[in-house]
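The sequence shown begins at 176 in this note's numbering and counts up by one.
Note that the Cβ used here is the ideal one computed from N, Cα and C, for glycine as well.
What follows is a short report on a single structure.
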Amino acid sequence: MKLANFLLRVGLAVVFFYAATAAYLEPHNWIGFLPSYFRMSLVLALFSAYQIVLALWLLSGKAAFWSALLSAATLLAIIFQNTRWTTIAA
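If you want it as structure tokens, here you go:
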């Protein structure tokens, strides 16, 4: 059970690390996912920092329930925003 929890936390942390570093290295690929009423470069930098902090929190194992809950909420918000934005743009 502990190994499964650890592997799930590591897998989720890798997803957040990947997204944050990819947004930093290639921001023009990620700006299209943000609504146009945001200041793109600032929001992308802040969200990348948030993702790195969240990934580090997941890896630390401290308050794992709360970090997992926040991760799930973050992913749901991303899915909701992109689904809503895609529907509006179409």
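In this structure, DSSP gives Arg-184 a helical state, which the three-state scheme calls helix. Distance between Ser-235 and Ser-211, taken at the CA atoms: about 35 Å.
By the 16-neighbour rule on beta-carbons within 10 angstroms, Arg-259 is exposed.
For Ser-235, the enclosing alpha helix (DSSP H) stretches over residues 215 to 235.
Rounded to whole angstroms, the Cβ separation of Ser-242 and Leu-233 is 5 Å, and the two are in contact under 8 Å.
Contact annotation, Ala-230 with Phe-192: C-beta distance approximately 5 Å; criterion of less than 8 Å satisfied.
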